[in-house]
Amino acid sequence: MLISTIRSVSPKKLFKNLQFIRSHSVPSLAHFTPYFSDSGSEDLSLDSRINAPATNFSNNGKNPFEMSSSGVVKILESMQNEPNSATLFFDQLKENGFQHDVQTCLAIIKILCIWGLSRKLDSLFKEVINLEKEHQCFEVSELLEAIAGEIRDGGPNSLFRALDALIKSYVTLGMFDEAIDALFETKRHGVGPCLLSCNFLINSLVGHGKLDTAVAIYKQLKTIGVSPNVYTYGIMIKAYCRNQCLEEATDVLFREMDEAGVVPNACAYSAYLEGLCMHGKSDLGYEFLLSWKASNAPIDDYAYTVVIQGFVSEKKMKEAENVLHVMEEHGMVPNKVNYRALIQGYCDSGDIIKALTIHNEMESRGIGTNCLVLTAILQCLSQKGMHLEAINQFRNFEKIGIFLDKVAYNVVIDALCKMGKLDEALELFDEMKCKKLTPDVVHYTTLISGYCLHGDISDAVNIFEEMNENGLRADVITYNVLAGGLSRNGLLNEVNLLLGDMKRQGLTPSSVTHNMIIEGLCLGGKVKEAEIYFTNLEDKRIENYASMVNGYCESSKAVDGYKLFLRLFNQGIQISRNCCSKLVSSLCLEGENDRAINVFEILLSCEDGPSKMAYHKLIAALCRAGDMKNARWAFDHMVRRGIYPGLILYTIMLNGYCQVNCLKEAHDLFSDMKEKGISPDIITYTVLLDGHSKITTKRARSEKDVEGNKRAKQVALDLLCEMKELDIKPDAICYTALVDSQCKTDNLQDAISLFNAMKDQGLQPDTVTYTALLSGYCKQGDMKKAETLVDEMKANGIEADSRTVSAFDHGIVRAKKLQCRH
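To convert, take the position in the sequence shown, counting from 1, and add 135; that gives our numbering.
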């Protein structure tokens with residue numbers, strides 16, 4: 136009510152307003168009739184009305200103190216220097232049923248603009264817009280015309296704030312068409328739109344993906360007398376880049392801004408770099424960054440961050456790390472965002488060692504780590520199967536007081552489950568609750584998966600029921616996990632009951648659900664049940680056929696999978712290339728090389744052809760089977776198709792050749808690999824050293840000459856020299872191969888030197904290493920040194936195996952024979 140409104144105003148403010156009214160009036164109430172209409176006593180003075188109880192102004196539900204529009208305007212004008220009082224008065228009128236019109240709104244808008252009360256201005260316009268939509272007030276266009284008229288007639292410049300607020304309100308409400316109309320309507324009323332409004336609208340359009348509209352408005356700015364500024368150009372560079380129009384973005388930065396005499400700022404440069412990096416042109420972005428920095432352009436640290444993140448997204452981690460170092464050289468201080476991007480990139484690429492190195496570097500520079508960074512590290516460790524390391528890292532992070540969220544807990548619970556430490560996983564699950572981290576469906580699903588993985592179905596079901604009792608609704612993934620677990624344990628009836636419950640919960644079993652059941656039954660040895668389930672599926676999809684083929688492979692029935700594959704192919708149904716790769720590998724493992732090659736040839740006839748993974752699996756399987764002829768055929772075919780083998784595949788082929796005594800072919804392939812620019816690693820050299828040792832030893836034994844020994848020794852020396860040139864340090868396995876090679880070719884002194892060098896490098900010889908050297912001593916009948924070596928093994932806690940015992944026994948027999956000869 137009006138009385139309560141007036142009473143809520145401070146006495147000082149109220150006195151000022153009353154003074155104004157009195158100074159513009161006479162005591163008679165008749166002179167207030169333009170402002171007030173009262174059906175009560177005409178001789179009631181204004182003072183008595185103000186001080187009278189509110190109930191005196193109610194008569195049969197009608198407010199006797201009704202205000203006219205012009206009266207409200209005059210009172211608001213009197214409150215121009217009291218914006219809070221004016222706003223309160225305006226709002227209380229509205230709450231008491233007064234319907235504001237264009238003039239009263241314009242009056243309060245003037246006050247809000249003068250005092251720069253932007254939030255109240257925004258709120259007012261939003262309310263007017265919503266009321267117009269509900270047909271409860273005047274049209275906003277009328278208010279816009281009135282504001283423009285005031286400006287045109289010499290009103291205060293502060294009224295331009297009203298135009299900005301109107302456009303901003305439309306944008307905030309998602310009414311972009313109305314915002315655009317309002318922007319250009321001001322021009323029709325003879326008032327040019329404010330550049331601030333234009334920038335806000337264009338930027339909002341870009342942010343909401345309305346890129347073409349943003350560009351269209353930008354191109355119309357000059358026609359309505361608005362000159363873009365540096366922020367306008369920056370917004371447009373961003374818009375063009377997001378719209379994949381790099382040429383247009385380049386034109387804005389290098390031509391339009393230059394012609395307009397506008398110097399690009401850091402935001403404009405960063406927006407352009409962001410566009411380049413977003414579209415896989417981080418190399419070009421980095422070149423621009425360096426050239427701009429050299430020309431003293433206003434480049435800030437965000438520009439470096441953009442390029443680092445661009446290289447990371449392109450998986451160019453060395454380049455990303457180099458930008459970080461260049462950033463420091465240019466006087467910029469790397470921040471947590473830069474380091475986090477690098478750590479996440481290395482984690483995504485599986486290089487956990489590098490990720491941990493970067494993390495240590497970050498902390499050593501006083502940049503604190505956080506939960507997001509640590510979770511990425513934990514996830515990488517877990518994905519690489521380093522579950523124990525993930526658990527230990529988690530505990531270390533806990534000890535130093537770093538907050539770990541529910542995602543981090545889930546990673547470690549999953550790691551414990553995969554290690555079979557289900558009790559510890561449950562303890563960690565309860566620890567979450569103690570720390571007020573409420574477990575969600577994901578955590579329960581992880582536990583259910585862990586119990587299913589280790590065949591503890593009863594506990595998996597109990598966890599499932601506990602989740603439901605706690606008010607958490609299982610999703611499709613949870614049902615899939617439990618269905619897979621039940622299937623692996625051959626509980627098909629329980630699976631059907633679970634599917635029924637799933638449907639009652641309004642969830643539809645997906646292809647993944649059926650696939651997990653089919654493959655689960657096969658893994659559990661229930662191939663016949665899987666076939667029945669598969670046959671009874673009403674709507675079979677390609678994924679279901681692929682799962683049946685996978686199931687056959689998992690059950691060592693790859694031939695049945697092969698028959699299903701052929702039947703599908705003849706019907707024009709082509710299963711996924713990954714499934715075909717698995718079939719090829721399984722057939723080779725079962726000795727069905729011809730069938731595996733047949734599957735591969737069928738893949739070659741298809742449009743996509745075999746994937747790189749299919750080539751890898753076929754070649755690896757054929758190498759394991761010793762079928763190097765077909766392995767080389769697949770290898771060469773892969774190269775002809777433009778799929779270039781990497782170091783791993785070359786090493787697999789080298790190992791295959793060495794295993795079948797094809798030393799020349801191995802060396803030829805090794806040379807080819809180096810000519811292709813692929814650098815061998817420690818594993819490659821170890822394969823060659825071990826293979827060459829075995830082959831040369833056999834040749835030396837058959838020829839019974841010294842030349843074989845010399846050749847073996849020379850090859851080993853040559854390979855060691857190469858490793859040294861490439862700064863590749865032999866590891867324990869490599870040293871073991873070298874020791875074994877020298878012992879078998881009667882180069883015992885060289886073997887002893889290598890054995891000692893290995894220990895000098897801090898590498899611990901294992902059972903195989905000791906056995907190799909022991910064989911060397913025994914071969915020469917030096918049983919004293921052999922016994923000393925056995926004692927050393929025991930002292931170092933290294934247990935002898937059957938080969939060690941056999942070598943020692945042979946040594947004793949050989950020593951006795953030598954004694955008899957002498």
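The beta-carbon is built from N, C-alpha and C at its ideal position, and this holds for glycine as well.
Remember, it's a predicted structure, so these values are computed and weren't measured experimentally.
Measure the beta-carbon distance from residue i to residue j and round it to whole angstroms, keeping in mind my assumption that it falls under 8 Å.
i: L898; j: D866; result: 7 Å
i: I754; j: F770; result: 6 Å
i: K914; j: C878; result: 7 Å
i: N400; j: P363; result: About 13 Å; that fails the 8 Å criterion.
i: G686; j: M651; result: Actually they are not in contact, since the Cβ atoms of G686 and M651 sit about 11 Å apart, beyond 8 Å.
i: A317; j: C248; result: Not confirmed; about 16 Å, so no contact.
i: A560; j: L582; result: 6 Å
i: V341; j: R377; result: 7 Å
Rounded to the nearest angstrom, what separates residue i and residue j at their Cα positions?
i: E800; j: S720; result: 24 Å
i: G911; j: N796; result: 23 Å
i: L278; j: Y544; result: 57 Å
i: C869; j: L798; result: 18 Å
i: M763; j: N728; result: 11 Å
i: I246; j: N216; result: 8 Å
i: M202; j: V208; result: 10 Å
i: R184; j: I282; result: Unreliable placement is indicated for R184, whose pLDDT of 31 sits below 50; the coordinate value is still reported in the next sentence. Taking the straight line joining both Cα atoms gives about 35 Å.
i: F224; j: T367; result: 39 Å
i: F311; j: T348; result: 10 Å
i: V275; j: K357; result: 26 Å
i: D944; j: R775; result: 53 Å
i: G536; j: L738; result: 55 Å
i: L699; j: V684; result: 7 Å
i: K197; j: Q234; result: For K197, the predicted structure reports a pLDDT of 37, less than 50, and the residue's modelled location is therefore unreliable. The matter cannot be settled from this model.
i: I114; j: A921; result: In this structure the chain extends from 136 to 957, so residue 114 is not present and cannot be described.
i: L757; j: G726; result: 9 Å
In chain order, what residues of the same chain have a beta carbon less than 7 Å from the beta carbon of residue i, not counting five sequence neighbours either side?
i: D236; result: S204, F273
i: A681; result: I710, S711, C714
i: E689; result: E654, C657, L658
By Cβ distance below 6 Å, which residues in the same chain neighbour residue i in space, the five residues on each side in sequence not counted?
i: R730; result: Y697, L722
i: A314; result: I302, Y305, V306, L336
i: M602; result: Y579
i: I286; result: L294, V326
i: T939; result: T906
Report the three-state DSSP secondary structure of residue i (helix, strand or coil).
i: H235; result: coil
i: F538; result: coil
i: M462; result: helix
i: M554; result: coil
i: H343; result: coil
i: V468; result: coil
i: H945; result: helix
i: W427; result: helix
i: M567; result: helix
i: T939; result: helix
i: I818; result: helix
i: Q514; result: helix
i: A731; result: helix
i: E409; result: helix
i: F890; result: helix
i: H772; result: helix
i: S746; result: coil
i: T504; result: coil
i: A218; result: The sequence as given places Pro at residue 218; Ala does not occur at that position. DSSP places P218 in helix when its eight states are reduced to three.
i: T902; result: helix
i: G826; result: helix
Cutting at 8 Å between CB atoms, please list the residues of its own chain near residue i, excluding the five before and the five after it.
i: G625; result: L656, G659, G660, K661, E664
i: I502; result: P469, N470, K471, Y474
i: V822; result: T786, L789, N790, C793
i: V361; result: G327, P328, L330, C333
i: T613; result: V576, Y579, T580, I583, F599, M602
i: H460; result: none
i: G485; result: C515, Q518, K519
Are the C-beta of residue i and some C-beta of chain C separated by less than 8 Å?
i: Y421; result: Structure shown: chain C not included; a single protein chain is present.
Check whether the Cβ of residue i lies closer than 7 Å to any heavy atom of the ligand NAD, and answer yes or no.
i: M918; result: Judged by which ligands are present, the structure shown has none, so any question about the ligand NAD falls away.
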